[in-house]
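Numbering (our numbering), first residue to last: 2 to 124.
Following: one structure in structure tokens, then a few remarks.
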């Protein structure tokens with residue numbers, strides 16, 4: 002089971018070889034995939050988002066479970082932000098992975114490696 006960082010999805014859409022290989026393996030195994038609602042916000046907020054990009058994002062969002070930022074995740078994220086000085090988005094995404102008990106797929110291992118009990122896989 003995995004939580005996708007926003008950058009993992011971006012690299013996948015850009016056709017990055019490692020990202021495509023890893024995510025296609027996960028898709029073919031029908032493993033549960035999660036994204037934070039904040040990741041959905043980030044994906045749809047790009048200033049140069051084309052209709053085709055939006056369609057691709059919609060297609061991906063239909064195949065994953067979007068985890069809302071509720072009070073439980075917000076409190077975990079607040080703790081992570083305070084303790085590890087993470088950006089708000091990174092703290093919410095890390096909190097989502099911790100909350101769901103999943104491995105975070107990310108290109109930015111450095112941003113998250115100080116968080117105990119957070120399982121990471123580089124994409």
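Just so you know, even glycine gets a beta-carbon here, dropped at the ideal spot from N, CA and C.
Test: residue i CB closer than 8 angstroms to a CB of chain D
i: residue 30; result: Checking the listed chains, one finds no chain D in this structure; it contains a single protein chain.
Check whether residue i and residue j have beta carbons under 8 angstroms apart
i: residue 32; j: residue 3; result: yes
i: residue 154; j: residue 5; result: No answer is possible for residue 154: the residues shown for the chain start at 2 and end at 124.
i: residue 108; j: residue 9; result: yes
Contacting residues, own chain, Cβ-Cβ under 7 angstroms from residue i (five flanking each side not counted)
i: residue 13; result: 20, 21, 24
i: residue 115; result: 85
i: residue 11; result: none
i: residue 81; result: 87, 92, 95, 96, 116
Residue closest to residue i, alpha-carbon to alpha-carbon, out of the options
i: residue 65; options: 110, 37, 83, 109; result: 37
i: residue 42; options: 119, 30, 111, 91; result: 91
Other residues of its chain near residue i: CB distance less than 6 angstroms, five sequence neighbours each side excluded
i: residue 122; result: 104, 106
Does the stretch 99 to 119 touch the stretch 74 to 91, meaning 3 or more C-beta pairs lie closer than 8 angstroms? Because the criterion of three Cβ pairs below 8 angstroms is met, the stretch 74 to 91 and the stretch 99 to 119 touch.
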